[in-house]
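Trainee:
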Amino acid sequence: MAILKVDGLSKRFKDVKALDNVTFEFDSGILSFLGPSGCGKTTLLRSIAGLELPDAGSISIADKVQTSIEQGILVPPYSREIGFVFQNYALWPHMTVFNNIAFGLRLRKVANAEIKSKVLSSLELVGLKGREDRYPSQLSGGQQQRVALARSLALEPRLILLDEPLSNLDAKLREEMRLEIRRLIKKVRISALYVTHDQEEAFTISDAVIVMEGGRILQYDAPDAIYNHPAHPFVASFIGHSTLVDGKIVSVANGSCVVAVADFGGANLVSHAPSSVSPGDVCKVVIRTGEVRLSNEKFSDRADNVLVGRMTSREYRGGLTDHRVQVGSKEIVVTSHKFCPMIRIEGDTRDIFVSIDKSAISLIVGS
Amino acid sequence: MITHSWNSIKLVFRQGTFVPLLASAIAGGAIITPVVIVLWRSLTTGKLGFSVGLTLTNYVRVFGDRDILPMLGNSMVYAGGAAALGTGLGALLAWIVARTNTPGKTLVELMPLYPILMPPIMKNIAWILLLAPRSGILNNMLQQFFGIEAQPFNAFSMAGMIWVFGLACVPLGYLFLLPVFLSFDPSLEESAYIAGSKPANTMLKITFPLAIPALFSAFVLNFLRGLRSFETPVLQGVPGNIKVFVSRVYDSMALEFNSGLATAYSIVLVALSVVVLLVYVRATRFSERYATITGKGYRVKVIDIGPWKYVTFLTVFLYFLAGIAIPFVVLIVVSMIPYFDYDTFMKFPSNMVFTNYVTVLKHPSFITGLYNSLVLSTTIAVVTVLAGIVMAFTIYRTRAYGTKLFEFIGTLPLAFPPLVLSVGLVIVFLGTPLYNSLWALGLGLFVAYFPYAFRNASGSIVNIHKELDEAAWVHGAKWRHVFFKITLPILKPAVGGALFYIFIEAIRNVDVAVLLTSPGKEYGPVTLFEYFRVGQWAEAAAGGVIYLIILIIAVSVAKFAFKMKFSL
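For the protein sequence lines, the chains are W and S, in the order given.
Using our numbering, you'd call the opening residue of the first sequence number 1 and step up by one each time.
Using our numbering, you'd call the opening residue of the second sequence number 1001 and step up by one each time.
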């Protein structure tokens, strides 16, 4: 049973297409909507919650139609039995933590004793036992976030929706909370939709990621597949940590192919061949920055995929260092670990050798 | 493609809008009716209750009135003079309190309280007792102690009108300017010092120019209040034969019973008000762009002004005497002497009596008036504030269509001087059973004070993050749960303030009520107004003191029971 089914969802705000024929299915687990601001991810989430009215398409939760423009069905948000965690937490300032969490339970006419036990157990779950009489203003940002989560979890929804819930926290707390949120959702065994513009957050928290741009789904895959096999140049550039250049397939043989890159002075690169590729096809070549080696000597152990260039700059980032090497008319970025020998490479005038592993390259054909 | 199913979906999406929309429509209807009637009647002829064909006769008569130009001039001089005096003095006091080491400035710090405690009509009565040409206390004192026979003071002159209404304009000027001086970004002045400017020069070139937009806003608002004001033009202008539009509307309606003429004058007055209101909107927008106040909340430095502090102290002290102490004392003393003339006044306290209180409290018209004003102003405060919240909720929190219209309607009465609304309601209700009933009076007060309730509620509602509503929806709340459990409780502090303000304004209202009262359906402040007009000055003063006591009780309840603050 798919917990969520979205079919042909479209929504326009004046001249902007916020959602453009969005269709996907999601079985269970944690699914992230990832994309830059304005890509439609929040509109998608709000449409699933019933807070936004799409122009066309349908949404089913647990095989029950919630929105269907074509069939004339719209279940109001208060009947969808979902949880929603808002970007600014949206804790009601005039209610105590207890009353915030009990609000939905009271509307569902749950008995008082049961409300109490559910509120307290959900507070315990998020690690805020004993804070039930506080007001939201007396809590820190991270604690407010936990209360917002507890408020949704207390209703035991089938599906919980989270709209950039960590964007108001500082960097350190954010890293802590994303693990915490994943642990909690897995513990109570419900499914979750998670909106974020931070790819690292999406990768760490979710079982699957939908990358969106301009109201369309560009890729729907597991996090590692999105990282290693971006299906669209935008996905590759949004995920980052890679150099993107135009290429043209020269030959294909035995699961490998040779691609010529004009920007690298016409150099040929060998990579794994994507399915259904033939010589003459144009493609984007994605080179992941962390899987490239640098040396000021010729590599003795390899001849393929070695480029020659000049170091243009180096950005020290603490544990990691980004090297920029000019190869042909393009700059290639190489990220090295602190202890890698390549950090010691000096000199702007000497040739630098760049060795790109076959597995560091992904090809996006037809773009 | 619009299909049946699409419409039904939209109906679901917009559900929960029907009840708020209906309530807002009823409130909107109540507001728009007198407004439309005034417009309509100004274009027709005929006696009250009948209209005989469309005509421009009324306007011809208004614009053919040879008094119209002097009247326009009077209105401008009176409103402009009072606004200049009040705003300027208020700004000066605000600067003294915020930025100087003047001793005794606490006298002014309770400024927000003074207009609450002193109803406009009481101010007029007190100052007429002081400044009247023959019987006035000050003229007689000059004669008795200095032998000056000239009687230089005249309450029934333009200068007298400007003086009394100008004093009434001081609090608004003070309250507009105090925040500007108090939370002024100190780095603006500090960078002037760094650039080589001395404190006095910095004050002149940086501090005061940055306060100009707020000063202008306060001036325009006071000007508008002057145009709309009723008590001063009728009590001081009419005896001195100084006519302004408000008193002319009142005369046409109350003395000539000519509703066409009254409404035609009203429309001229409304047009003037609209122009001023538009200027005000522009001015506030400008001052927002000029804003020097950031959310940081620093305290500005108090400047040691050396010996000048005695001059500023004198200013503060004189304002305290003229603006607050003297009118109160005069009113209280006059209420406790057998009758008002100068000699009797000067014999106080040896001739202290409470007969005026006894007379007033035995007088059925005062007792019913007092009762009606208490009941009505309480009811109207509650109803108006609730209606304002519902309308603001409909506009900002439901997905109803056409809510822009409500925004317009809700603000509309601001352009209508209360007396003009009163004229409209008289015409609406004449010949119906509601005429001569408290319903008409209640409706008038509702319409007059609705914009305050509405603007207050809108301002607060737009500041409540929409996610709080949406969080309630997704957790199972319908619109009524959202309204009663989320919106209303969060609005509580703002609701308290608006309730108090409207109660205070309504309980001492004269200009809405004056045309809508009738024997048996009196309104306290109007009764006092009538006493004063027929020369029962001591009784009027006694009634005024009774209202003063009620207002003090209201303030104390607000302060101690509802923790309301009366200083900034």
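Glycine included, C-beta positions come from ideal geometry on N, C-alpha and C.
For L1021(S) and chain W, any beta-carbon pair shorter than 9 Å?
Mentor: It does not; no Cβ of chain W falls within 9 Å.
Trainee: CB-CB under 6 Å to A1023(S), same chain, minus the five flanking residues each way: which ones, in chain order?
Mentor: Within the same chain, A1023(S) has close Cβ partners V1390.
Trainee: Need the endpoints of the beta strand (DSSP E) that K1198(S) sits in, please.
Mentor: Where K1198(S) is concerned, there is no enclosing beta strand (DSSP E), given that its DSSP letter is neither H nor E.
Trainee: Determine whether the Cβ of Y78(W) lies closer than 9 Å to any Cβ atom of chain S.
Mentor: Taking Cβ atoms only, chain S reaches closer than 9 Å to Y78(W), which makes this a yes.
Trainee: Would you mind telling me which residues of chain B sit closer than 7 Å to I1486(S), beta carbon to beta carbon, in chain order?
Mentor: The structure shown contains no chain B; the protein chains it does contain are W and S.
Trainee: Quick check: what's the CA-CA separation for V1035(S) versus P1209(S)?
Mentor: Going by the C-alpha atoms only, they are around 40 Å apart.
Trainee: Using a cut-off of 8 Å between C-beta atoms, extract the partners of H1363(S) located in chain W.
Mentor: Those do not exist, as H1363(S) stays about 47 Å from chain W at its closest Cβ, beyond 8 Å.
Trainee: The segment 1490-1505 of chain S: which residues have C-beta closer than 7 Å to a C-beta of chain W, in chain order?
Mentor: Here the close residues are I1490.
Trainee: Could you check whether P279(W) and L377(W) sit closer than 9 Å to each other, using their CB atoms as the reference points?
Mentor: One cannot answer for residue 377(W) here, as it falls past the ends of chain W, which runs 1 to 367.
Trainee: Residues of chain S with a CB under 7 Å from the CB of F26(W): which are they?
Mentor: Correct list: empty, because the minimum Cβ distance to chain S is about 19 Å.
Trainee: Return the bridge partner residues of S256(W) from the DSSP annotation.
Mentor: DSSP output for S256(W) lists A253(W) and H272(W) as bridge partner(s).
Trainee: Would you kindly work out how many angstroms separate the C-alpha atoms of F24(W) and K298(W), rounded to a whole number?
Mentor: Near 49 Å, if we compare the C-alpha coordinates of K298(W) and F24(W).
Trainee: In the DSSP output, which residue or residues are listed as bridge partners for R106(W)?
Mentor: Answer is none; R106(W) lacks a bridge partner.
Trainee: Have a look at F1503(S) and S1377(S) and give me their C-alpha separation to the nearest angstrom.
Mentor: When rounded, the distance between both Cα atoms is 5 Å.
Trainee: Based on the DSSP secondary-structure assignment, which residues constitute the bridge partners of S325(W)?
Mentor: Here the sequence assigns Val to residue 325(W), which means Ser is not the residue at that position. Beta-bridge pairing links V325(W) to M311(W) and I332(W).
Trainee: In its own chain, which residues sit with a C-beta less than 7 Å from the C-beta of V1381(S), not counting the 5 before and 5 after it?
Mentor: The sequence given here places Ala at residue 1381(S); Val does not occur at that position. Excluding positions up to five away in sequence, the list reads L1499, I1502, F1503 and A1506.
Trainee: For L307(W) versus V286(W), is the C-beta distance shorter than 9 Å?
Mentor: No, these two residues do not count as a Cβ contact at 9 Å.
Trainee: Can you find a CB in chain W that lies within less than 9 Å of the CB of W1473(S)?
Mentor: Yes, W1473(S) lies at the interface with chain W (some Cβ there is under 9 Å from its Cβ).
Trainee: How about the segment 1522-1529 of chain S and the segment 1320-1330 of chain S: do they share at least three Cβ pairs that are nearer than 8 Å?
Mentor: At 8 Å Cβ cutoff, the stretches do not touch.
Trainee: Does the Cβ-Cβ distance between A1542(S) and I1461(S) come in under 9 Å?
Mentor: The answer is no: Cβ separation not under 9 Å.
Trainee: Which residues does DSSP list as the beta-bridge partners of L244(W)?
Mentor: BP columns for L244(W) point to V286(W).
Trainee: Is it buried or exposed, T1106(S), if we count other Cβ atoms within 10 angstroms and call 16 or more buried?
Mentor: The residue is exposed, with fewer than 16 neighbouring Cβ atoms inside 10 Å.
Trainee: Using the C-alpha atoms, what's the distance from N168(W) back to A231(W)?
Mentor: Using only the alpha carbons, I get a separation of about 31 Å.
Trainee: Name the one or two DSSP bridge partners that T196(W) has.
Mentor: Beta-bridge pairing links T196(W) to L34(W).
Trainee: Closer than 7 Å, Cβ to any Cβ of chain W: which residues of the segment 1437-1468 of chain S, in chain order?
Mentor: Of all residues in the segment 1437-1468 of chain S, H1465, E1467 and L1468 have a Cβ within less than 7 Å of some Cβ in chain W.
Trainee: Roughly how many angstroms lie between the CA atoms of L1412(S) and I1031(S), to the nearest whole one?
Mentor: Going from the Cα of L1412(S) to the Cα of I1031(S) covers about 8 Å.
Trainee: For G255(W), would you say it is in contact with chain S, using Cβ-to-Cβ distances shorter than 9 Å as the test?
Mentor: Judged by the 9 Å Cβ criterion, G255(W) is not in contact with chain S.
Trainee: Does the segment 1338-1354 of chain S touch the segment 1532-1546 of chain S, meaning 3 or more C-beta pairs lie closer than 8 Å?
Mentor: Touching, yes, given that three or more Cβ pairs across the two stretches are closer than 8 Å.
Trainee: So, for E164(W): in the same chain, excluding its five sequence neighbours on each side, which residues have a beta-carbon less than 8 Å away from its beta-carbon?
Mentor: T42, Q87, V195, T196 and H197, listed in sequence order.
Trainee: In three-state DSSP terms, what is R1258(S)?
Mentor: It should be pointed out that residue 1258(S) corresponds to Asn in this sequence rather than to Arg. Coil.
Trainee: When you compare the CB of A1477(S) with every CB in chain W, is at least one pair closer than 9 Å?
Mentor: A1477(S) counts as touching chain W.
Trainee: Would you mind telling me which residues of chain S sit closer than 8 Å to L107(W), beta carbon to beta carbon, in chain order?
Mentor: Within chain S, the residues near L107(W) are H1475, G1476, A1477 and H1481.
Trainee: Answer yes or no: does any C-beta atom of chain W fall closer than 9 Å to that of K1404(S)?
Mentor: False, the Cβ-Cβ gap to chain W never drops below 9 Å.
Trainee: Quick one: list the residues of chain S neighbouring I82(W), beta-carbon separation under 8 Å, in chain order.
Mentor: Simply V1474.
Trainee: Run through DSSP, which three-state label would Q1144(S) get?
Mentor: Q1144(S): helix per DSSP, three-state reduction.
Trainee: Check the Cβ of F1562(S) against every Cβ in chain W and list those closer than 9 Å, keeping chain order.
Mentor: Near F1562(S) there are no residues of chain W at all, since even the closest Cβ is about 16 Å away, more than 9 Å.
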